[in-house]
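Down below is the structure, laid out as structure tokens.
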Amino acid sequence: MPMVALVTLQELLPLQEPEAGWRRNYGFWCRVFMLGVIVSHTYLIQGKYMVDGFAPSSWQLVVFVLGISGTYTGIGMIVAANLVFPIPFFYITMTPAFYVPLLILLYCTLGKSRKLTKYVCFIATQKMMGMLYPIYQLLFHRASTTDFVLPVILLLPVVKLVVKNVVLYFTHHLEDLTPEAVIFTVDFYNALYLATCMESA
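Here the UniProt record's numbering is used: position 108 in the sequence shown is 108, and no number is missing along the way.
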């Protein structure tokens, strides 16, 4: 229910016309900031169960979340002001603006450790899936009218298997949490893709 409420709240924020420019599109930037808050909070809470010794206080959690989200939104505004708005493929192109501050803060707070590095790689795998499936969708549409459509379709289970093994490698030390990590990342992404993109194709 909290996630449903957050998504509903985000959708209630009005969007302005892109032609109005980045300054007047306050609705878009509010949504970006809210997305940053949700994602960074999720990663930090998840980190409590995946990294030993990671137990931030409520105050640290607030500072982390607001700092990362503010940095993400601020860098997005700078890019929009100096390059182009709307920023093409915002989710993909602005990846460093979110994940670099997140990883720096994690390493500065916890220090370098093997489990933290594996958790960082696990986060990177989640992000990779968010980029991989749109690329596959583009490939599928290109191949749909050619003789290569069957090999492209057969490529999807291979992609799922490879990503699943990557997730297993970075979470095998968690034992009981490993199946959950696979189900709610690889299987969820794959099912969501099959239910939306492939159906529309």
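Using N, Cα and C, we set each Cβ at its ideal position, and we do this for glycine too.
Out of curiosity, what's the CA-to-CA distance linking Y49 and Y169? 17 Å
Nearest candidate by alpha-carbon position, reference L106, set V186, Y189, P179, S40: When each option's Cα is compared against that of L106, the closest is S40.
Run of the alpha helix (DSSP H) containing P157, from where it starts to where it stops: 149-171 is the span of the alpha helix (DSSP H), which, as asked, contains P157.
How about the segment 71-90 and the segment 42-60: do they share at least three Cβ pairs that are nearer than 8 Å? no
Ignore the nearest five residues each way along the sequence and tell me which others in T178's own chain have a CB closer than 7 Å to its CB. L168, T171, H172
On the three-pair Cβ rule with 8 Å, is the segment 49-64 touching the segment 9-20? Taking 8 Å as the limit for Cβ pairs, the verdict is that the segment 9-20 does not touch the segment 49-64.
Whole angstroms are fine: how far does the CA of V159 sit from the CA of V182? 14 Å
Run through DSSP, which three-state label would R114 get? helix
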